[in-house]
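Numbering (full-length UniProt numbering), first residue to last: 1 to 634.
Accompanying notes for the structure given below.
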Amino acid sequence: QGVSNLGWPMASKSTSTASRPPGPPSDDKRTLAVSKMSWFEWTTGAPTVSEFFELDEWRAMETTDKLIYVKNEVSLGLTICFAQIPESVAFAFMAHIKPHIAIHAAWVVGLICSLFGGRTGMVNGAEGAFAAIISTMIPEPTTPGGNGDNIELLFPSVIVCGGFMLLIWLLGAYRLITLVPASVMLGFCNGLAIIIGMSQLHPFQVGHGDQKHWVTGQKMWWMLAEMLTSMLIMEFVPKIPCKAAKLLPSSLLSIVACVLIEFALVRNVGGRTDVIGDVQKFTLTYPYPFFLHQDYDMGLLTIGRLPTILLQGGLLAIAGIVQGLLTTEVVYDFVKTPTNPVAVCLACGIANVVSGFFGGMGGDAMIGLSTINCLNGGKGRLGPTVTALGIAVIMHGGFELLNYIPVASLAGVMIVVVLHTFKWFSVPLVIAALLPESLRSRVHLPEKVDRFDMFTVVVVTSMVVLLNLVYAVGAGLAISALRYAWDSSQAFVIETSIGDTADSKVYHVHGKLFFATSMRFHTYFDYKGDPDNVEVHLDSAPADYSASTALAKVEGLYKQEGKRCDITFSTPSYLKSPVQAYENDGQQDVAHDEALHNAEQDEAVHYAEQGLSQEEPCHKEAKTVETRPTSTTR
């Protein structure tokens with residue numbers, strides 16, 4: 001039995017092969033799978049109408065199961081909706097833009113990615129990685145809750161970001177996510193958590209620039225009380241072993257509790273803290289093209305700003321792709337349904353183009369909300385779709401209620417998100433890397449720690465905080481690549497042995513021959529003292545042009561001495577790319593199978609002519625079929 005996108009067991013379908021005529025293996029299964037795919041699905045990787053609505057799985061379900069599925073997905077969608085709105089508002093303040101820009105982006109990005117994305121159960125919207133990068137693009141506004149300077153550059157940058165994502169989808173560059181090591185991911189998450197945490201200090205400050213100072217007096221104590229209340233409810237209510245505690249999301253409960261504290265207690269005793277309406281009042285706004293908006297100065301969009309827009313769009317695209325594909329792996333651990341990274345990149349690209357065009361900040365996958373959705377049983381596309389539509393309805397019907405949310409409660413919600421985003425287990429690992437091994441066991445720290453990996457974690461985390469996410473990931477990749485190249489070069493060993501004849505010698509090359517090991521490769525050979533016949537045997541084919549040049553140099557130096565040098569590889573063939581190697585191996589497999597099939601047919605004809613059955617012994621000389629060599633000579 002398999003598992004459908006809905007998470008329900010599916011009856012396995014078996015096809016009998018007894019009637020298949022003898023012959024080489026056919027591509028019937030692959031042809032059948034391709035024939036069921038529409039042109040749209042084949043070219044874009046997006047789900048078909050049947051796949052999106054899971055019609056086959058839906059028809060196979062009982063009526064009771066259908067009702068349970070719809071109830072669970074709709075209730076989860078509404079729950080995530082109420083949890084996503086406070087996060088989007090907090091990310092707007094972090095990005096130095098008005099809240100409605102983030103909330104419109106949340107439902108636009110969420111709706112498009114839910115409809116066309118390749119990952120069921122994943123929630124998308126305005127996210128912290130985007131907000132962190134945008135905060136470096138737009139300076140802090142002079143008016144709290146307003147837009148910072150150069151807000152006009154944000155929307156073209158988001159459109160360019162979507163275009164870069166579509167280019168990544170077209171070129172298949174999303175596969176590069178496999179090159180990001182775990183140490184870089186740790187630094188990415190830790191740095192992002194620190195940035196989000198630092199941005200939560202702004203509600204406790206007043207003024208601008210050099211005039212900024214901390215809130216003091218009674219107001220500060222009330223804000224701290226509301227923030228602490230929000231954190232306690234957010235963290236501990238879901239852990240209460242009671243079904244009633246799980247009816248509403250803890251983030252919504254924490255905000256409702258803080259609203260009651262603010263208006264039933266604080267203001268009745270003469271105190272007051274800032275609510276969203278005091279910082280930036282929500283009004284009825286509809287998304288429409290940003291260049292038609294009266295508040296934006298389109299005169300700033302000149303040709304001279306194009307490099308800035310392209311750079312900002314590229315940074316957002318890289319952060320979005322890394323965050324999105326990282327989230328797909330997290331969701332896969334819960335739902336165990338296949339991920340289509342092609343459709344993930346395509347949907348995210350389209351969503352950001354549309355969001356930027358209609359004046360949104362863009363967005364990508366949200367790890368925290370996706371985890372909450374999956375932990376509570378979310379499996380399909382219906383839940384995230386309901387979330388996006390719910391945010392849209394609230395923005396056009398219940399926006400007035402958002403103005404009464406205390407800003408301190410949003411800070412409490414986001415601090416809990418920070419506490420769960422930061423990878424705390426990395427802290428003792430970093431500390432252990434600084435201590436000698438004899439001291440680690442005394443203080444009960446991990447005894448086996450890769451110090452280089454911990455160094456990478458610290459560097460990436462620091463660069464995320466000081467520069468931005470993309471530069472940090474790039475630096476982490478560069479450090480890891482240098483470490484891999486160095487380790488590979490240290491594992492490079494050459495051994496010698498006597499050949500089959502007295503006038504021959506064999507050099508056995510163990511390790512990868514590439515740019516880091518090819519520089520001094522020619523110095524390992526005794527060109528004058530070696531016999532006339534020399535064989536160089538490599539465990540693997542040359543990895544790059546530097547390796548090929550090194551082999552050619554060795555061959556040429558032996559030729560100058562009037563000696564013969566044969567170079568062999570243990571790999572099937574010396575090819576330009578892994579893709580070509582795969583295709584070549586496949587062609588050789590087909591040719592091999594066809595040769596075997598022809599031999600079997602000839603043998604069957606021989607038995608028929610002799611009047612014998614194939615079970616009876618036959619003294620006919622067995623046919624030999626030439627197979628692929630195990631080594632290739634260059």
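C-beta: ideal position from N, C-alpha, C; glycine also.
A quick note: this is a predicted structure, and the numbers were derived from the prediction, not measured.
7 Å Cβ shell around residue i - same chain, five flanking residues per side excluded
i: residue 164; result: 313, 314, 317
i: residue 92; result: 98, 99, 101, 102
i: residue 451; result: 433
i: residue 348; result: 113, 165, 320, 324, 364
i: residue 128; result: 91, 192, 196
i: residue 527; result: 557, 558, 561
i: residue 387; result: 77, 80, 81, 84, 110, 123
i: residue 453; result: 183
DSSP state of residue i mapped onto helix, strand, coil
i: residue 505; result: strand
i: residue 633; result: At residue 633, the pLDDT of 32 sits below 50, so the modelled position is not reliable; the number obtained from the coordinates is stated separately. In the structure shown, residue 633 sits in a strand (DSSP, three-state: E or B).
i: residue 371; result: helix
i: residue 125; result: strand
i: residue 536; result: strand
i: residue 46; result: Note that residue 46 scores a pLDDT of 47, beneath 50, so its modelled location is shaky and nothing firm can be said.
i: residue 365; result: strand
i: residue 205; result: strand
i: residue 283; result: coil
i: residue 523; result: helix
i: residue 334; result: helix
i: residue 221; result: helix
i: residue 569; result: strand
i: residue 119; result: coil
i: residue 554; result: helix
i: residue 275; result: strand
i: residue 442; result: coil
i: residue 293; result: coil
Extent of the continuous alpha helix (DSSP H) run through residue i
i: residue 420; result: 407-421
i: residue 483; result: 469-490
i: residue 453; result: 451-466
i: residue 394; result: 382-397
i: residue 352; result: 341-357
i: residue 541; result: No alpha helix (DSSP H) holds residue 541; DSSP gives it neither H nor E.
i: residue 516; result: 515-518
CB contact check: residue i to chain B, cutoff 9 Å
i: residue 275; result: No chain B is present in this structure, which holds just one protein chain.
Given residue i as reference, the closest of the options once Cα atoms are compared
i: residue 196; options: 330, 95, 503; result: 95
i: residue 570; options: 539, 554, 559; result: 539
i: residue 401; options: 277, 232, 239, 71; result: 277
i: residue 530; options: 134, 554, 549, 519; result: 554
i: residue 296; options: 241, 155, 194; result: 155
i: residue 643; options: 361, 358, 366; result: Since the first and last residues shown for the chain are 1 and 634, residue 643 lies out of range.
i: residue 157; options: 310, 237, 445, 435; result: 310
i: residue 428; options: 439, 446, 441, 481; result: 446
i: residue 514; options: 480, 550, 535; result: 550
i: residue 282; options: 227, 68, 565, 396; result: 396
i: residue 459; options: 478, 443, 262; result: 478
i: residue 199; options: 487, 375, 337, 134; result: 134
i: residue 475; options: 141, 61, 179, 126; result: 179
i: residue 566; options: 398, 537, 330; result: 537
i: residue 232; options: 204, 417, 503, 480; result: 417
Close Cβ partners of residue i (< 6 Å) along its chain, the five nearest in sequence each way excluded
i: residue 464; result: 191, 472
i: residue 82; result: 249, 252
i: residue 90; result: 410, 414
i: residue 491; result: 511
i: residue 351; result: 109, 112, 113
i: residue 489; result: 516, 517
i: residue 499; result: 505, 506
i: residue 466; result: none
Segment limits, beta strand (DSSP E) that includes residue i
i: residue 497; result: 493-498
i: residue 303; result: No beta strand (DSSP E) contains residue 303, which DSSP labels as neither H nor E.
i: residue 242; result: That residue, residue 242, is in no beta strand (DSSP E); it is neither H nor E in DSSP.
Contacts around residue i, its chain only, beta-carbon distance under 8 Å, and the 5 residues preceding and following it disregarded
i: residue 494; result: 507, 508, 509, 510, 524
i: residue 85; result: 103, 106, 391, 394, 402
i: residue 300; result: 150, 152, 153
i: residue 645; result: An answer regarding residue 645 cannot be provided, because it is not within the stretch 1 to 634 covered by the chain.
i: residue 189; result: 421, 422, 423
i: residue 405; result: 86, 89, 255, 258, 259, 275, 276
i: residue 168; result: 174, 317, 321, 345, 349
i: residue 31; result: Bear in mind that a pLDDT of 39 at residue 31, under 50, signals an unreliable position, so the model cannot answer this.
Residue i CB to nearest heavy atom of the ligand COA below 8 Å
i: residue 412; result: With respect to the ligand COA, the structure shown offers nothing to examine, as it has no ligands at all.
*At what residue ranges does the segment 56-101 contain a whole run of the alpha helix (DSSP H), taking only runs of 4 or more?*
Those alpha helix (DSSP H) runs which fall completely within the segment 56-101 and span 4+ residues are 63-95.
_Give the list of continuous beta strand (DSSP E) stretches no shorter than 3 residues that lie fully inside the segment 151-220._
The beta strand (DSSP E) runs of length 3 or more contained entirely in the segment 151-220 do not exist; there are none.
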